[in-house]
Amino acid sequence: MLPGLGYFLVFHYAVLFGNVIAFKDYIPFDGFWGSAWVGVRNFTDLLGDPGFWHAARNTVEIAGLQLIFYFPAPLALALLLHSLTSNTLRRFVQSVVYLPHFMSWVIVVAMAQQMLGSAGLFNSALSGAGLHTVDIIGNPELFKPLTVLQVIWKDCGWGTIIFLAALTQVDDQLYEASAIDGAGPWRRFWHITLPSIRPIIILLLIMRIGEILSIGFEQILLQRTTVGPDAAEIIDTFVYYKGIVGGNFGFGAAAGLFKGVVGAILVYAANKISHRLGEQGVYK
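Per our numbering, the sequence shown starts with residue 2, numbered consecutively.
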(Lines of atoms letter the chains of each structure in order from A; the text may use other names.)
(Lines give C-alpha, C1' and ligand atoms only; values in the text may rest on other atoms or scores of the structure.)
Protein backbone atom coordinates (compact mmCIF):
# COMPACT_ATOMS: atom_id res chain seq x y z
CA MET A 2 0.00 0.00 0.00
CA LEU A 3 2.96 2.35 0.53
CA PRO A 4 3.41 3.48 -3.12
CA GLY A 5 -0.30 4.29 -3.46
CA LEU A 6 -0.36 5.99 -0.07
CA GLY A 7 2.73 8.00 -0.99
CA TYR A 8 1.09 9.11 -4.24
CA PHE A 9 -1.97 10.49 -2.45
CA LEU A 10 0.10 12.13 0.29
CA VAL A 11 2.40 13.92 -2.17
CA PHE A 12 0.07 14.78 -5.05
CA HIS A 13 -3.28 15.19 -3.25
CA TYR A 14 -2.65 16.28 0.34
CA ALA A 15 0.74 18.01 0.44
CA VAL A 16 -0.22 20.24 -2.50
CA LEU A 17 -3.27 21.53 -0.60
CA PHE A 18 -0.88 24.06 0.90
CA GLY A 19 -0.75 25.66 -2.55
CA ASN A 20 -4.33 26.89 -2.09
CA VAL A 21 -2.86 29.75 -0.10
CA ILE A 22 -2.23 31.59 -3.38
CA ALA A 23 -6.01 32.03 -3.68
CA PHE A 24 -5.60 34.67 -0.97
CA LYS A 25 -2.51 36.29 -2.48
CA ASP A 26 -1.54 38.35 -5.50
CA TYR A 27 0.70 35.47 -6.46
CA ILE A 28 3.79 36.16 -8.54
CA PRO A 29 5.89 33.06 -9.31
CA PHE A 30 9.20 34.96 -8.97
CA ASP A 31 8.25 36.15 -5.48
CA GLY A 32 7.03 32.72 -4.34
CA PHE A 33 4.47 31.86 -1.68
CA TRP A 34 5.99 34.04 1.02
CA GLY A 35 6.98 37.03 -1.10
CA SER A 36 3.64 37.53 -2.85
CA ALA A 37 1.33 40.13 -1.35
CA TRP A 38 -1.61 39.00 0.79
CA VAL A 39 -4.93 40.25 -0.64
CA GLY A 40 -7.42 38.32 1.48
CA VAL A 41 -10.68 37.50 -0.29
CA ARG A 42 -10.17 39.96 -3.16
CA ASN A 43 -9.65 37.13 -5.66
CA PHE A 44 -12.95 35.60 -4.59
CA THR A 45 -14.86 38.87 -4.89
CA ASP A 46 -13.35 39.43 -8.34
CA LEU A 47 -14.30 35.87 -9.27
CA LEU A 48 -17.90 36.11 -8.10
CA GLY A 49 -18.25 39.51 -9.73
CA ASP A 50 -16.99 38.31 -13.11
CA PRO A 51 -19.87 37.62 -15.58
CA GLY A 52 -17.58 35.30 -17.52
CA PHE A 53 -17.28 33.00 -14.51
CA TRP A 54 -21.04 32.68 -14.10
CA HIS A 55 -21.40 32.01 -17.83
CA ALA A 56 -18.80 29.25 -17.53
CA ALA A 57 -20.53 27.90 -14.42
CA ARG A 58 -23.87 27.77 -16.25
CA ASN A 59 -22.34 25.84 -19.16
CA THR A 60 -20.63 23.50 -16.69
CA VAL A 61 -23.86 22.73 -14.85
CA GLU A 62 -25.78 22.20 -18.10
CA ILE A 63 -23.23 19.73 -19.47
CA ALA A 64 -22.89 18.00 -16.10
CA GLY A 65 -26.67 17.68 -15.86
CA LEU A 66 -26.86 16.08 -19.30
CA GLN A 67 -24.08 13.67 -18.35
CA LEU A 68 -25.84 12.80 -15.10
CA ILE A 69 -29.10 12.05 -16.90
CA PHE A 70 -27.78 10.24 -19.97
CA TYR A 71 -24.26 9.02 -19.21
CA PHE A 72 -24.62 7.77 -15.62
CA PRO A 73 -27.30 5.13 -16.42
CA ALA A 74 -25.50 3.98 -19.60
CA PRO A 75 -22.83 1.80 -17.90
CA LEU A 76 -25.53 0.17 -15.77
CA ALA A 77 -27.65 -0.64 -18.83
CA LEU A 78 -24.61 -2.02 -20.66
CA ALA A 79 -23.61 -4.08 -17.62
CA LEU A 80 -27.11 -5.60 -17.46
CA LEU A 81 -26.92 -6.52 -21.14
CA LEU A 82 -23.47 -8.07 -20.74
CA HIS A 83 -24.56 -9.93 -17.62
CA SER A 84 -27.49 -11.44 -19.52
CA LEU A 85 -25.20 -13.06 -22.12
CA THR A 86 -25.01 -16.80 -21.57
CA SER A 87 -21.79 -17.36 -23.54
CA ASN A 88 -18.72 -16.44 -21.49
CA THR A 89 -16.60 -16.24 -24.65
CA LEU A 90 -18.98 -13.77 -26.26
CA ARG A 91 -19.21 -11.77 -23.04
CA ARG A 92 -15.43 -11.44 -22.73
CA PHE A 93 -15.16 -10.45 -26.39
CA VAL A 94 -17.82 -7.74 -26.06
CA GLN A 95 -16.24 -6.48 -22.83
CA SER A 96 -12.85 -6.16 -24.53
CA VAL A 97 -14.37 -4.23 -27.43
CA VAL A 98 -16.34 -1.77 -25.28
CA TYR A 99 -13.38 -1.21 -22.93
CA LEU A 100 -10.99 -0.15 -25.72
CA PRO A 101 -12.21 3.47 -26.25
CA HIS A 102 -11.41 4.29 -22.62
CA PHE A 103 -7.70 3.92 -23.35
CA MET A 104 -7.81 6.39 -26.25
CA SER A 105 -6.79 9.96 -25.52
CA TRP A 106 -9.30 12.76 -26.00
CA VAL A 107 -7.14 14.05 -28.85
CA ILE A 108 -7.86 10.88 -30.81
CA VAL A 109 -11.55 10.79 -29.85
CA VAL A 110 -12.14 14.41 -30.88
CA ALA A 111 -10.18 13.90 -34.12
CA MET A 112 -12.32 10.86 -34.94
CA ALA A 113 -15.49 12.84 -34.23
CA GLN A 114 -14.32 15.60 -36.57
CA GLN A 115 -13.50 13.10 -39.30
CA MET A 116 -16.96 11.57 -38.95
CA LEU A 117 -19.19 14.57 -38.22
CA GLY A 118 -17.24 17.62 -39.38
CA SER A 119 -18.12 19.80 -42.35
CA ALA A 120 -15.91 17.63 -44.59
CA GLY A 121 -16.44 14.40 -42.65
CA LEU A 122 -17.81 11.06 -43.76
CA PHE A 123 -21.38 11.89 -42.73
CA ASN A 124 -21.52 15.08 -44.78
CA SER A 125 -19.73 13.40 -47.67
CA ALA A 126 -22.49 10.81 -47.73
CA LEU A 127 -25.17 13.53 -47.62
CA SER A 128 -23.44 15.47 -50.38
CA GLY A 129 -23.14 12.34 -52.52
CA ALA A 130 -26.86 11.73 -52.12
CA GLY A 131 -27.68 15.29 -53.17
CA LEU A 132 -28.80 16.38 -49.70
CA HIS A 133 -27.88 19.43 -47.63
CA THR A 134 -24.82 18.98 -45.40
CA VAL A 135 -24.86 19.63 -41.66
CA ASP A 136 -21.76 20.72 -39.75
CA ILE A 137 -22.50 18.94 -36.46
CA ILE A 138 -19.07 19.55 -34.95
CA GLY A 139 -19.16 23.30 -35.59
CA ASN A 140 -22.75 23.86 -34.44
CA PRO A 141 -22.79 25.52 -30.98
CA GLU A 142 -26.38 24.36 -30.33
CA LEU A 143 -25.36 20.71 -30.74
CA PHE A 144 -22.13 20.98 -28.77
CA LYS A 145 -23.45 19.98 -25.34
CA PRO A 146 -25.35 16.85 -26.51
CA LEU A 147 -22.35 15.93 -28.67
CA THR A 148 -19.98 16.04 -25.68
CA VAL A 149 -22.29 13.68 -23.78
CA LEU A 150 -22.35 11.24 -26.70
CA GLN A 151 -18.56 11.37 -26.84
CA VAL A 152 -18.29 10.55 -23.13
CA ILE A 153 -20.76 7.67 -23.48
CA TRP A 154 -18.84 6.20 -26.42
CA LYS A 155 -15.46 6.57 -24.71
CA ASP A 156 -16.13 5.62 -21.08
CA CYS A 157 -19.38 3.66 -20.99
CA GLY A 158 -17.61 0.31 -21.32
CA TRP A 159 -15.09 1.15 -18.61
CA GLY A 160 -17.88 2.24 -16.28
CA THR A 161 -19.47 -1.20 -16.45
CA ILE A 162 -16.66 -2.82 -14.44
CA ILE A 163 -18.04 -1.97 -11.00
CA PHE A 164 -21.64 -2.73 -12.01
CA LEU A 165 -20.63 -6.12 -13.44
CA ALA A 166 -18.77 -6.92 -10.23
CA ALA A 167 -21.88 -6.02 -8.22
CA LEU A 168 -24.14 -8.11 -10.47
CA THR A 169 -21.99 -11.21 -9.94
CA GLN A 170 -22.71 -10.97 -6.20
CA VAL A 171 -26.47 -11.34 -6.69
CA ASP A 172 -27.59 -14.83 -5.62
CA ASP A 173 -28.82 -16.81 -8.64
CA GLN A 174 -31.19 -18.75 -6.38
CA LEU A 175 -33.24 -15.59 -5.99
CA TYR A 176 -33.77 -15.44 -9.75
CA GLU A 177 -34.65 -19.14 -9.88
CA ALA A 178 -37.15 -18.85 -7.03
CA SER A 179 -38.81 -15.77 -8.53
CA ALA A 180 -39.01 -17.42 -11.97
CA ILE A 181 -40.72 -20.44 -10.39
CA ASP A 182 -43.20 -18.06 -8.74
CA GLY A 183 -44.01 -16.61 -12.15
CA ALA A 184 -42.00 -13.36 -12.06
CA GLY A 185 -41.01 -12.11 -15.51
CA PRO A 186 -37.71 -10.47 -16.47
CA TRP A 187 -38.90 -6.97 -15.60
CA ARG A 188 -40.16 -7.97 -12.13
CA ARG A 189 -36.93 -9.87 -11.44
CA PHE A 190 -34.95 -6.77 -12.39
CA TRP A 191 -37.11 -4.44 -10.31
CA HIS A 192 -37.39 -6.59 -7.18
CA ILE A 193 -34.07 -8.50 -7.17
CA THR A 194 -31.38 -6.94 -9.37
CA LEU A 195 -32.01 -3.28 -8.59
CA PRO A 196 -32.29 -3.66 -4.78
CA SER A 197 -29.18 -5.85 -4.73
CA ILE A 198 -26.97 -3.30 -6.49
CA ARG A 199 -28.67 -0.17 -5.15
CA PRO A 200 -25.88 0.58 -2.60
CA ILE A 201 -23.32 0.62 -5.41
CA ILE A 202 -25.55 2.84 -7.56
CA ILE A 203 -26.00 5.31 -4.67
CA LEU A 204 -22.26 5.32 -3.94
CA LEU A 205 -21.31 6.04 -7.55
CA LEU A 206 -24.06 8.64 -7.88
CA ILE A 207 -22.79 10.54 -4.83
CA MET A 208 -19.25 10.48 -6.18
CA ARG A 209 -20.52 11.66 -9.55
CA ILE A 210 -22.38 14.55 -7.92
CA GLY A 211 -19.18 15.55 -6.13
CA GLU A 212 -17.43 15.86 -9.50
CA ILE A 213 -20.32 17.69 -11.15
CA LEU A 214 -18.18 20.81 -11.73
CA SER A 215 -15.32 18.79 -13.30
CA ILE A 216 -16.50 17.59 -16.69
CA GLY A 217 -13.50 16.94 -18.87
CA PHE A 218 -11.06 19.77 -19.38
CA GLU A 219 -9.23 18.19 -22.34
CA GLN A 220 -12.40 17.22 -24.19
CA ILE A 221 -13.86 20.72 -23.97
CA LEU A 222 -10.60 22.58 -24.60
CA LEU A 223 -9.95 20.68 -27.83
CA GLN A 224 -13.34 21.72 -29.22
CA ARG A 225 -13.64 25.20 -27.72
CA THR A 226 -12.17 26.96 -30.74
CA THR A 227 -14.55 25.20 -33.13
CA VAL A 228 -17.81 26.26 -31.47
CA GLY A 229 -16.62 29.34 -29.57
CA PRO A 230 -16.47 30.15 -25.84
CA ASP A 231 -20.17 31.00 -25.63
CA ALA A 232 -21.04 27.32 -25.97
CA ALA A 233 -17.86 25.64 -24.74
CA GLU A 234 -16.55 27.78 -21.89
CA ILE A 235 -16.63 25.78 -18.65
CA ILE A 236 -15.08 26.51 -15.25
CA ASP A 237 -11.89 24.55 -16.00
CA THR A 238 -11.25 26.31 -19.34
CA PHE A 239 -12.14 29.65 -17.73
CA VAL A 240 -9.52 29.02 -15.04
CA TYR A 241 -6.99 27.96 -17.68
CA TYR A 242 -7.32 31.07 -19.84
CA LYS A 243 -7.87 33.51 -16.99
CA GLY A 244 -5.42 32.09 -14.49
CA ILE A 245 -2.71 30.23 -16.43
CA VAL A 246 -2.64 31.93 -19.84
CA GLY A 247 -3.51 35.31 -18.36
CA GLY A 248 -0.97 34.97 -15.55
CA ASN A 249 -3.55 35.69 -12.82
CA PHE A 250 -2.64 32.68 -10.72
CA GLY A 251 -4.38 33.83 -7.54
CA PHE A 252 -7.64 34.35 -9.41
CA GLY A 253 -7.39 30.88 -10.97
CA ALA A 254 -6.63 29.28 -7.60
CA ALA A 255 -9.66 31.02 -6.10
CA ALA A 256 -11.87 29.54 -8.84
CA GLY A 257 -10.42 26.07 -8.25
CA LEU A 258 -10.87 26.35 -4.48
CA PHE A 259 -14.45 27.56 -4.94
CA LYS A 260 -15.16 24.57 -7.16
CA GLY A 261 -13.68 22.19 -4.60
CA VAL A 262 -15.74 23.63 -1.75
CA VAL A 263 -18.96 23.37 -3.78
CA GLY A 264 -18.12 19.75 -4.64
CA ALA A 265 -17.51 18.90 -0.97
CA ILE A 266 -20.84 20.48 0.02
CA LEU A 267 -22.67 18.52 -2.69
CA VAL A 268 -21.09 15.23 -1.53
CA TYR A 269 -22.02 15.95 2.10
CA ALA A 270 -25.61 16.87 1.17
CA ALA A 271 -26.07 13.86 -1.12
CA ASN A 272 -24.63 11.56 1.54
CA LYS A 273 -27.05 12.91 4.15
CA ILE A 274 -29.96 12.38 1.78
CA SER A 275 -28.85 8.78 1.18
CA HIS A 276 -28.80 8.20 4.95
CA ARG A 277 -32.37 9.46 5.22
CA LEU A 278 -33.35 7.00 2.47
CA GLY A 279 -31.83 4.15 4.43
CA GLU A 280 -28.60 3.77 2.41
CA GLN A 281 -25.05 3.74 3.75
CA GLY A 282 -23.71 6.27 1.25
CA VAL A 283 -20.03 7.12 1.04
CA TYR A 284 -19.49 7.24 4.81
CA LYS A 285 -21.62 6.92 7.91
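Cβ atoms here follow ideal geometry from the backbone N, Cα and C, with glycine treated the same way.
Boundaries for E212: no alpha helix (DSSP H) harbours it, and the DSSP string shows neither H nor E there. For A120, the three-state secondary structure derived from DSSP is coil. DSSP places D156 in the helix class (H, G or I) of the three-state scheme. W38 has K25 as its beta-bridge partners, per DSSP. Contact between the region 81-91 and the region 102-122 is absent: fewer than 3 CB-CB pairs across the two stretches fall below 8 Å. I198 and A271 have their C-alpha atoms roughly 18 Å apart. Here L66 is not near P141, since their CB atoms are 9 Å or more apart. If you draw a 10 Å sphere on the C-beta of I69, you find fewer than 16 other C-beta atoms in it, and that means exposed. Contact check for E280 and I203: beta-carbon distance about 5 Å, within the 8 Å limit, so the pair qualifies. Y99 is the residue among T226, Y99, N43 whose C-alpha sits nearest the C-alpha of W154. Here DSSP, grouped into helix, strand and coil, assigns L168 to helix. For E212, same chain residues with a beta-carbon under 8 Å away, outside a window of 5 residues either side, are G264 in chain order. In this structure, A166 sits away from N59, with a CB-CB distance that is not shorter than 9 Å. Taking G52 as the centre and dropping the five residues before and after it, the same chain places the C-beta of E234, F239, K243 closer than 8 Å to its C-beta, in chain order. Buried is the label assigned to V152, since at least 16 other Cβ atoms lie within 10 Å of its Cβ. Taken through DSSP and simplified to helix, strand or coil, H133 comes out as coil. Here N43 is buried. Its C-beta has 16 or more other C-beta atoms within 10 Å. Taking a C-beta distance under 9 Å as the contact criterion, D156 and H102 qualify as a contact pair. The Cβ atoms of V94 and I207 do not sit closer than 9 Å to each other. The C-alpha of N20 is placed about 6 Å away from the C-alpha of A254.
Shown here for A74: same chain residues with a beta carbon closer than 7 Å to its own, the five before and five after excluded, namely I153, C157 in chain order. L222 and K273 have their C-alpha atoms roughly 35 Å apart. Annotation for L76: the continuous alpha helix (DSSP H) segment containing it runs 73-83.
In the DSSP assignment, V94 falls within the alpha helix (DSSP H) that extends over 88-99.
In this structure, the beta-carbon distance from G217 to T148 falls below 9 Å.
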